[in-house]
Amino acid sequence: MKKALIAVATILFTFLLTETYAQRKNVGGEFAVGARFGGASGLTVKKYSGSNRSAFEFLGAWSFENELDGFTLTAVWEKLAPLNSNGQLSAEFGFGATATFGDEFYFGPSGIIGFDWRLKKVPVTMSIDWLPTWIIVNENKFSAVNVAYSVRWILNHKKTK
């Protein structure tokens with residue numbers, strides 16, 4: 009139980025640190041909620057910075073990996089690198105942490121790399137990414153199977169430039 013509390017506290021600390029930094033920099037971009045389908049499938053919540061150069065994503069999903077099956081909570085900070093002039097298509101990469109709650113509790117740092125596509129006329133964003141995790145609590149294992157497709161509805165849609 010102590011390890012689970014430490015994991016949840018780490019995820020919350022990452023979220024609060026990111027939000028505090030965003031407020032200090034006076035950013036307040038779009039907020040999107042949707043579904044994630046892949047190695048871990050479930051809910052995705054993503055908060056974009058005002059400049060569309062970074063985002064914070066929170067995932068609550070069910071992991072289908074044989075050795076690490078269970079409910080996962082993941083929080084990641086993502087750097088967005090625009091691949092076109094209007095900023096709709098971006099490469100994304102970043103880091104965070106994942107906690108898995110199943111037969112046993114697992115926790116470790118995660119990385120993310122992929123592409124984020126924001127539609128121009130419809131308030132929808134989609135992404136495809138790879139989210140590997142290195143489990144360091146209750147086992148020492150590298151989990152590389154979490155490739156997924158996400159689709160999100162933008163709640164406070166702002167027109168792209």
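For the record, in the sequence shown the residue sitting at position 130 is 138 according to the working numbering, with numbers rising by one throughout. All C-beta atoms in this analysis are idealised placements derived from N, C-alpha and C, irrespective of residue type, glycine included. As the structure is a prediction and not an experimental result, all values here were calculated from the model.
task = Check each candidate in Arg-126, Phe-101 and Pro-140 and name the one with the smallest Cα separation from Pro-117.
result = Looking at the Cα atoms, Pro-140 is the closest of the given residues.
ask   = Taking 8 Å as the line, does the beta carbon of Ser-135 fall inside it for any heavy atom of the ligand GDP?
value = With respect to small molecules bound, the structure shown includes none, and the ligand GDP cannot be examined in it.
request  = Enumerate in chain order the residues of its own chain whose CB-to-CB distance from Met-134 is below 6 Å, with the five nearest sequence positions on each side excluded.
outcome  = Trp-125 and Val-159
inquiry  = Can you give me the C-alpha to C-alpha distance between Ile-144 and Thr-82, rounded to a whole angstrom?
reply    = 15 Å
message = Here's the rule I'm using: 16 or more other beta-carbon atoms within 10 Å means buried, otherwise exposed. How should Ile-162 be labelled?
response = buried
task = On the DSSP bridge assignment, give the partners of Ser-59 in chain order.
result = In the DSSP output, where bridge partners are listed per residue, Ser-59 has none listed.
ask   = In the structure shown, what three-state DSSP assignment does Leu-51 receive?
value = In the structure shown, the three-state DSSP call for Leu-51 is strand.
query = Can you list, in chain order, the stretches of the beta strand (DSSP E) that have 3 or more residues and sit fully within the stretch 89–139?
reply = 97–110, 113–126 and 132–138
ask   = Alpha carbon to alpha carbon, how far is Gly-119 from Gly-50?
value = 18 Å
ask   = Smallest Cα separation from Phe-45: which of Glu-75, Phe-64 and Ala-69?
value = Checking every option, the nearest Cα to that of Phe-45 belongs to Ala-69.
message = Bridge partners for Glu-65 per DSSP, in chain order?
response = Lys-54 and Val-84
query = Which whole-angstrom value is the C-beta distance of Gly-78 and Thr-108, which I expect to be below 8 Å?
reply = Yes, they are in contact, since the Cβ atoms of Gly-78 and Thr-108 sit about 5 Å apart, within 8 Å.
request  = Could you tell me whether the Cβ atoms of Phe-64 and Val-41 are closer together than 9 Å?
outcome  = Between Phe-64 and Val-41, the C-beta gap is not smaller than 9 Å, which leaves the two residues out of contact.
request  = Give the range of the beta strand (DSSP E) segment to which Val-41 is assigned.
outcome  = Counting along the chain, the beta strand (DSSP E) containing Val-41 begins and ends at 39–46.
inquiry  = Could you give the first and the last residue of the continuous beta strand (DSSP E) run that contains Ala-156?
reply    = Its beta strand (DSSP E) spans residues 155–162.
task = Using the Cα positions of Asn-154 and Lys-87, report the straight-line distance between them to the nearest angstrom.
result = 19 Å
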